[in-house]
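Comments concern the structure below.
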Amino acid sequence: MSIEHYMQELGAAARVASRQLAASSTAQRNAALLATCDALDGARASLAQANAEDLARGRERGLDAALLDRLELTPVRIDGMLQGLRQVAALADPVGSISDVNRMPSGIQVGHMRVP
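Be aware that the sequence shown starts at 5, since it is given in my numbering, and climbs by one per residue.
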């Protein structure tokens, strides 16, 4: 499969996922975040192996040390990702909230509603 074909398929899948995400409930979005967290935590060994291969390939190709550092996926970095996912799932869902409400001279109220 060519990179162009792969990227087209990935983009199409992302468009479908974005529509599904926009129609999902808060509970569904939070469940997806926590499922991602569980999957990431459960895949630590395979992630470490794939990351070691990526780092070796990067060294072979002469990547700068700073780029290699950003590429390295350590247990501490994975823990940070897991913590971030859990924190986002625990946040109040802003979708549907209305802010900056102003009453117009005609009497109608106009505000900003958060939408996906």
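Cβ atoms here follow ideal geometry from the backbone N, Cα and C, with glycine treated the same way.
Which of helix, strand or coil DSSP assigns to residue i
i: Gly15; result: helix
i: Ser103; result: strand
i: Val20; result: helix
i: Gly115; result: strand
i: Ala96; result: coil
i: Ala31; result: helix
i: Ala36; result: helix
i: Ala26; result: helix
Nonlocal neighbours in the same chain, by C-beta distance under 6 Å from residue i, ignoring five residues either side
i: Asp104; result: Gly115 and His116
Same chain only: Cβ atoms within 7 Å of residue i, ignoring 5 sequence neighbours per side
i: Asp45; result: Leu86
i: Val119; result: Val99
Span separating the alpha-carbon of residue i from that of residue j
i: Gln12; j: Ile112; result: 45 Å
i: Ala35; j: Gln91; result: 13 Å
i: Ala56; j: Ser29; result: 38 Å
i: Leu77; j: Arg61; result: 14 Å
i: Met5; j: Arg65; result: 23 Å
i: Ala125; j: Arg107; result: Residue 125 is absent from the structure shown; the chain starts at 5 and stops at 120.
Same chain, Cβ closer than 8 Å to residue i, neighbours up to 5 away in sequence not counted
i: Ile82; result: Leu44, Asp45, Arg48 and Leu51
i: Leu72; result: Leu59, Gly62 and Arg63
Pair within 8 Å by beta-carbon distance, residue i and residue j
i: Leu59; j: Ala93; result: no
i: Cys41; j: Leu89; result: yes
Can you check the segment 50–88 for any alpha helix (DSSP H) of at least 4 residues that lies completely inside it and give the ranges in chain order?
-> 69–75
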